[in-house]
Amino acid sequence: MNNLERAAHIQPIVAQKQDRLDSRISIITPEHKLLAGIQAEWMIRLLNAMYFKHGVSSNPDKVKDAIDAGQIKSWFAIRDDEPIAIASLIRDGDDGREELGRAASLDREHSIGGLLMLMAGLDHFLSSHSPLVAEVRVAAEFGGIPSGMATQRICLDHLGLVPHALIPAFHHGNPDRNELFAFSSSEELEQFEKLFMPDDPAALALLRSIVLPLAGLGRSSKKIGIGGSSQLNQGWTFVDDIPFGLVVPEGPNSSLELTVKKSEEQNPFTLIPIELAPNMMGAVIGCMNAGFIPCGIDKTLGKNGHPILMLGRLRKGTLLAPMELKKGSIEPKISKALHIIEHKFIKSV
Numbered sequence: 642m643n644n645l646e647r648a649a650h651i652q653p654i655v656a657q658k659q660d661r662l663d664s665r666i667s668i669i670t671p672e673h674k675l676l677a678g679i680q681a682e683w684m685i686r687l688l689n690a691m692y693f694k695h696g697v698s699s700n701p702d703k704v705k706d707a708i709d710a711g712q713i714k715s716w717f718a719i720r721d722d723e724p725i726a727i728a729s730l731i732r733d734g735d736d737g738r739e740e741l742g743r744a745a746s747l748d749r750e751h752s753i754g755g756l757l758m759l760m761a762g763l764d765h766f767l768s769s770h771s772p773l774v775a776e777v778r779v780a781a782e783f784g785g786i787p788s789g790m791a792t793q794r795i796c797l798d799h800l801g802l803v804p805h806a807l808i809p810a811f812h813h814g815n816p817d818r819n820e821l822f823a824f825s826s827s828e829e830l831e832q833f834e835k836l837f838m839p840d841d842p843a844a845l846a847l848l849r850s851i852v853l854p855l856a857g858l859g860r861s862s863k864k865i866g867i868g869g870s871s872q873l874n875q876g877w878t879f880v881d882d883i884p885f886g887l888v889v890p891e892g893p894n895s896s897l898e899l900t901v902k903k904s905e906e907q908n909p910f911t912l913i914p915i916e917l918a919p920n921m922m923g924a925v926i927g928c929m930n931a932g933f934i935p936c937g938i939d940k941t942l943g944k945n946g947h948p949i950l951m952l953g954r955l956r957k958g959t960l961l962a963p964m965e966l967k968k969g970s971i972e973p974k975i976s977k978a979l980h981i982i983e984h985k986f987i988k989s990v
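My numbering applies: residue 642 is where the sequence shown begins, and numbers increase by one.
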């Protein structure tokens with residue numbers, strides 16, 4: 642299904658929701674050109690009200706600057722002159738790809754948040770040939786924050802996004818907890834160099850059960866290679882990449898252990914992306930031996946054209962909210978892979 646076909650599917654759903662909209666509620670779209678300072682203030686207010694303290698609140702000026710630069714477009718719902726819901730499109734690279742996010746609604750009765758998300762998704766599909774991506778909350782209701790079930794219905798059922806990774810990337814709330822997000826895209830990776838996996842039996846079995854379903858591959862696919870260099874990568878670099886730690890397999894001679902320790906001094910979650918090329922098999926094994934869990938693949942390819950494996954680790958003692966997947970919204974083989982990842986993270990903390 643191309644983007645215009647997706648738009649045609651979504652338009653009647655949007656129209657139906659608009660027809661049922663409470664007359665006291667008005668919608669402000671990017672075309673209204675609301676001042677960037679007001680948009681940033683409303684966005685932070687709504688996200689903090691929903692999640693107690695959201696990551697964007699730490700740098701309001703950065704949010705305002707991104708809005709001014711056209712990197713963020715937002716849809717707001719207003720009632721009695723007060724914002725009650727938001728959904729945004731965030732530019733994700735220079736290829737027209739956009740991320741649907743920054744969604745929050747203080748009104749659970751009228752599906753306002755869902756309408757705004759659909760309007761934002763429709764805007765993307767009508768104006769771009771590139772994929773729409775989203776970090777879809779799949780957390781169950783926990784500690785006063787509602788579940789991600791409504792978000793799953795919008796992103797997975799209506800917008801047709803498909804998960805390619807499951808990552809406990811973000812933390813918020815009271816008590817502070819990490820939550821699982823299904824990183825999802827409207828398009829699968831298609832043209833890529835072979836996806837290599839190490840020939841270590843235990844690592845290979847786990848990677849096959851997680852990575853292949855999330856990459857849209859079967860076990861016998863010709864796009865899979867087994868084996869490669871077993872040498873552990875010698876250079877690791879910690880990137881201070883709030884809202885979570887990012888470690889990359891490059892840079893000066895440094896140990897994985899010390900680099901990850903530096904990340905965990907600041908972050909409850911650390912992510913390591915590794916291109917699944919033959920010369921990186923030692924790095925993959927080294928990370929898995931250090932307690933990193935395969936989370937799926939990235940939505941873009943590595944510099945040599947191979948898919949990128951995303952590996953994650955939660956700091957010991959981190960509180961993790963349970964996952965709840967919407968039944969029937971995800972293919973069984975993908976759902977099974979997501980449950981394997983969740984189980985591994987639960988055991989790890």
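Beta carbons are placed, not taken as given, at the ideal position from N, Cα and C, and that holds for glycine.
How many whole angstroms separate the CB atoms of E739 and R749, which I take to be in contact at a CB cut-off of 8 angstroms? The residue you call residue 739 lines up with position 98 of the sequence shown. The residue you call residue 749 lines up with position 108 of the sequence shown. At roughly 26 angstroms, the Cβ-Cβ gap does not stay under 8 angstroms, so E739 and R749 are not in contact.
For D709, which three-state DSSP category applies? Walking along the sequence shown from the start, residue 709 turns up at place 68. Collapsing the DSSP output to three states places D709 in a helix.
Pick helix, strand or coil for T670, following the three-state DSSP scheme. The residue given as residue 670 occupies position 29 in the sequence shown. Correct three-state label for T670: coil.
Tell whether a beta-carbon distance below 9 angstroms holds between L855 and A978. Along the sequence shown, read from residue 1 onward, the residue named residue 855 stands at position 214. Along the sequence shown, read from residue 1 onward, the residue named residue 978 stands at position 337. The answer is yes: Cβ separation under 9 angstroms.
Going along the chain, which residues of its own chain have a beta-carbon closer than 8 angstroms to the beta-carbon of R661, five neighbours each way excluded? Here residue 661 is taken as the residue at index 20 of the sequence shown, counted from 1. The answer, listed in chain order, is H751.
With a threshold of 16 other CB atoms inside 10 Å of the CB of K967, please say whether the residue is buried or exposed. Within the sequence shown, residue 967 is the residue found at index 326, counting from 1. By the neighbour-count criterion, in which a residue is buried when 16 or more other Cβ atoms sit within 10 angstroms of its Cβ, K967 is buried.
Between the Cα of R743 and the Cα atoms of Y692, F766, E723, P787, which residue gives the shortest distance? Start at 1 with the first residue of the sequence shown, and residue 743 comes out as number 102. In terms of CA proximity to R743, Y692 leads the group Y692, F766, E723, P787.
Look at A806 and I971 and say whether their C-beta atoms are less than 9 angstroms apart. Taking the sequence shown and counting its residues from 1, the one referred to as residue 806 is at position 165. Taking the sequence shown and counting its residues from 1, the one referred to as residue 971 is at position 330. No. Outside cutoff.
Whole-number beta carbon distance between P914 and I867, since they are thought to touch under 8 angstroms: Taking the sequence shown and counting its residues from 1, one reaches residue 867 at position 226. Taking the sequence shown and counting its residues from 1, one reaches residue 914 at position 273. With a Cβ gap of about 21 angstroms, I867 and P914 do not count as contacting.
Is the stretch 950 to 958 close to the stretch 780 to 790, with three or more CB pairs under 8 angstroms? At 8 angstroms Cβ cutoff, the stretches do not touch.
Per the DSSP calculation, P724 is bridged to which residue(s)? Within the sequence shown, residue 724 is the residue found at index 83, counting from 1. Listed as beta-bridge partners of P724 by DSSP are I719.
Taking the straight line between their C-alpha atoms, what separation do you get for S896 and Q875? Position 255 of the sequence shown, counted from the first residue, corresponds to residue 896. Position 234 of the sequence shown, counted from the first residue, corresponds to residue 875. Taking the straight line joining both Cα atoms gives about 7 angstroms.
Host alpha helix (DSSP H) of E828 (start-end): Along the sequence shown, one-based indexing puts residue 828 at 187. Counting along the chain, E828 falls outside any alpha helix (DSSP H), and DSSP gives it neither H nor E.
Should the stretch 800 to 816 be regarded as contacting the stretch 824 to 835, the criterion being three or more beta carbon pairs within less than 8 angstroms? The stretch 800 to 816 is in contact with the stretch 824 to 835.
Inter-residue spacing [alpha-carbon to alpha-carbon] between P919 and D736: Taking the sequence shown and counting its residues from 1, the one referred to as residue 919 is at position 278. Taking the sequence shown and counting its residues from 1, the one referred to as residue 736 is at position 95. A straight-line Cα-Cα distance of about 28 angstroms links P919 and D736.
Count the other CB atoms within 10 Å of the CB of G754; is the residue buried (16 or more) or exposed (fewer)? Here residue 754 refers to the residue found at position 113 of the sequence shown. Classification for G754: buried.
Can you tell me which of E965, F910, P724, L730 puts its alpha carbon nearest to the alpha carbon of S667? As a first step, residue 667 is located in the sequence shown; it is residue number 26 there, counting from the start. Taking only the C-alpha atoms, the option nearest S667 is P724.
Let me make sure I understand the geometry here. Which of V990, R794, A791 has the alpha-carbon closest to that of L961? As a working mapping, residue 961 is identified with position 320 in the sequence shown. Residue V990 is the option with its Cα nearest to L961.
With burial defined as no fewer than 16 other Cβ atoms inside 10 Å of the residue's Cβ, what is the status of G814: buried or exposed? Position 173 of the sequence shown, counted from the start, is the residue given in the question as residue 814. Result: buried.
Name the DSSP bridge partner or partners of T878? The sequence position of residue 878 within the sequence shown is 237, counting from 1. T878 pairs with V889.
How many Å lie between L645 and F766 at the Cα? Position 4 of the sequence shown holds residue 645. Position 125 of the sequence shown holds residue 766. If I take the Cα positions, the gap works out to 6 angstroms.
Bridge partners for H813 per DSSP, in chain order? As a first step, residue 813 is located in the sequence shown; it is residue number 172 there, counting from the start. H813 is bridged to R818.
For A918, write down the residues that DSSP places opposite it in a beta bridge. On the sequence shown, position 277 is the one that residue 918 refers to. According to DSSP, A918 bridges with nothing at all.
Using CA coordinates, which residue listed in I975, S729, I654 is at the minimum distance from P671? Your numbering for residue 671 matches position 30 in the sequence shown. Comparing Cα positions, the closest option is S729.
Measure the Cβ-Cβ separation of M838 and V925 and say whether it is below 9 angstroms. Here residue 838 corresponds to residue number 197 of the sequence shown, with the count starting at 1. Here residue 925 corresponds to residue number 284 of the sequence shown, with the count starting at 1. Closer than 9 angstroms, so yes.
Nearest-angstrom Cα separation, counted from I851 out to A844: If you number the sequence shown from 1, residue 844 lands on position 203. If you number the sequence shown from 1, residue 851 lands on position 210. Spanning the two alpha carbons is a distance of roughly 11 angstroms.
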